[in-house]
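Just below is one structure, and these are the notes that go with it.
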Amino acid sequence: MSGSFITNKVKFLSDIINGILPKTNAVDILVGYFYYSGYTQLSDNLKDKTIRILVGLDVDVQITKHIREVENFKQTLPSRSNIKEEYYKHFVKIFNDTDFLDTAEKLEQFKMFYGKIVDGTLEIRKTLEPCHSKMYLFAYNDQMNEDGELPGVVITGSSNLSYQGLTGRLELNARFDSKGDYEEGHTIFEELWKDSVVIVNKDNVDEWNNKVMARIWYDQIYSPYLLYIRVLKEFFGIPTKENVLTPYDITDGKYSNLKYQTDAVQMALNALENHNGAIVADVVGLGKSIIASTTARNLKLRTIVVCPPHLCKQWEGYRDIIPPES
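Position 164 of the sequence shown, counted from 1, bears residue number 149 in this note's numbering, the numbering being contiguous throughout.
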């Protein structure tokens, strides 16, 4: 059995695979971990291929933020439905937590990825038991397979289907081109595939849509203009509430209603409603005490004033504004 080693030092595994793909019509991939970052390394050459991805391990993203094998040490194996649900959860978590798709190019690649699921040319499954193996099988097309004597190529080793595995770090993989090696690898893959759990294919797209697509931010991004309008609203929008008491109302005209003060009262009440707190801050002499007192009066709650000793007399003057039971 002869082969050549691929370490990502002299040449990236992604480059090797992208050189093979134009000569193939089908790809079978067995890996411990599948990250979408790995798929994008190959996506341009996977558009017209039939792809089967068999994943052997889950990813624990909530406890350590690092990859670890999720082993079940109980006597019974997890149910097939639990395996599927866990994979959905991990996929959503990783997708939403990464910034890897924050470009138009990456989003277009994901659109193609999803399209292949819908049309049946991409299927993902999970091994029933944990499996750490990595194997990439490339089936040559009719123009390249020499009438069946060269059915395809096998690459096996340490690389997962991820950016790090295909490009980013030192790995050790071997390539085998003989008919016997390919057929042996294909037999192993088919046995594992037969007993695996379907994660997504064209027959359960509705479930994938409900459990995954509806919970990730793909295709739910607002245009830059709408985001700009939202920023303006957050910074400059003055929430309005009906029946809000103003300094003029509370003091029977002793204090005038200055617009910036009444706006500040509205904003403070809105912040209290949405965030359970508000800070009134401004330069000296613009009526922070009036704003705070009026806000407190509108809440109709007992109020505690905490101030330095030299401001006690000043606050006593606001007793006609703040709630009388304070």
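Where is the CB? At the ideal position from N, CA and C, for every residue including glycine.
Mind checking whether residue i and residue j have CB atoms under 8 Å apart?
{"i": "K187", "j": "D104", "result": "yes"}
{"i": "A281", "j": "V265", "result": "no"}
{"i": "K34", "j": "M97", "result": "no"}
{"i": "F(-10)", "j": "L155", "result": "no"}
{"i": "V229", "j": "V250", "result": "yes"}
{"i": "L42", "j": "G17", "result": "yes"}
{"i": "E175", "j": "P136", "result": "no"}
{"i": "N10", "j": "N126", "result": "yes"}
{"i": "K8", "j": "Y72", "result": "no"}
{"i": "L257", "j": "A263", "result": "yes"}
How close, in whole Å, do the beta carbons of residue i and residue j come, if the pair is a contact with beta carbons under 8 Å?
{"i": "M120", "j": "L15", "result": "4 Å"}
{"i": "N30", "j": "L6", "result": "4 Å"}
{"i": "L122", "j": "G170", "result": "5 Å"}
{"i": "T152", "j": "N(-7)", "result": "6 Å"}
{"i": "D0", "j": "R37", "result": "In fact, because the Cβ distance is near 23 Å, the residues do not count as touching under 8 Å."}
{"i": "I235", "j": "T288", "result": "Not quite, the Cβ-Cβ distance comes to about 13 Å (not below 8 Å), so this is no contact."}
{"i": "I102", "j": "W178", "result": "Contact doesn't hold; Cβ gap of about 17 Å is too wide."}
{"i": "Y240", "j": "I275", "result": "6 Å"}
{"i": "Q94", "j": "S28", "result": "5 Å"}
Buried or exposed: which applies to residue i, given that a residue is buried once 16 or more other Cβ atoms fall within 10 Å of its Cβ?
{"i": "Q26", "result": "buried"}
{"i": "E147", "result": "Here residue 147 is Ser; the residue named in the question, Glu, does not match the sequence. Flag for S147 reads buried."}
{"i": "S22", "result": "buried"}
{"i": "E108", "result": "buried"}
{"i": "G150", "result": "buried"}
{"i": "I68", "result": "buried"}
{"i": "G142", "result": "buried"}
{"i": "I140", "result": "buried"}
{"i": "V237", "result": "Reading the sequence as shown, one finds Asp at residue 237 and not Val. By the neighbour-count rule (16 or more Cβ atoms within 10 Å), D237 is not buried but exposed."}
{"i": "V(-5)", "result": "exposed"}
{"i": "I48", "result": "Legend: pLDDT at I48 = 33, less than 50; position of this residue unreliable, no value from coordinates given."}
{"i": "Y303", "result": "buried"}
{"i": "E56", "result": "In this prediction, E56 has a pLDDT of 42, which is less than 50 and means its spatial position is unreliable; what the coordinates show is noted afterwards. Burial call: exposed."}
{"i": "F220", "result": "exposed"}
{"i": "L138", "result": "Looking at the sequence shown, residue 138 is not Leu but Val. By the neighbour-count rule (16 or more Cβ atoms within 10 Å), V138 is buried."}
{"i": "P293", "result": "exposed"}
{"i": "P232", "result": "buried"}
{"i": "Y24", "result": "buried"}
{"i": "D267", "result": "exposed"}
{"i": "Y99", "result": "buried"}
{"i": "L296", "result": "exposed"}
Tell me, please, whether the CB atom of residue i is closer than 8 Å to any CB atom in chain C?
{"i": "S278", "result": "Judged by its chain identifiers, the structure shown contains no chain C, having just a single protein chain."}
In chain order, each alpha helix (DSSP H) run of at least 4 residues that lies wholly inside the region 246 to 290
273 to 284
Pairs of beta-carbons, one from the region 128 to 146 and one from the region 88 to 100, closer than 8 Å: are there three or more?
no
Three-pair Cβ contact test at 8 Å for the region 149 to 164 versus the region 176 to 184
no
Quick one: which unbroken alpha helix (DSSP H) runs of 4-plus residues sit fully inside the region 51 to 130? Chain order, please.
65 to 82 and 89 to 104
Which whole runs of the beta strand (DSSP E) in the region 182 to 215 are 3 residues long or more, in chain order?
182 to 185
Taking three-plus beta-carbon pairs below 8 Å as touching, is the region 66 to 79 in contact with the region 190 to 209?
yes
List, from N- to C-terminal side, the alpha helix (DSSP H) runs of 4 residues or more that fit wholly inside the region 3 to 46.
21 to 27
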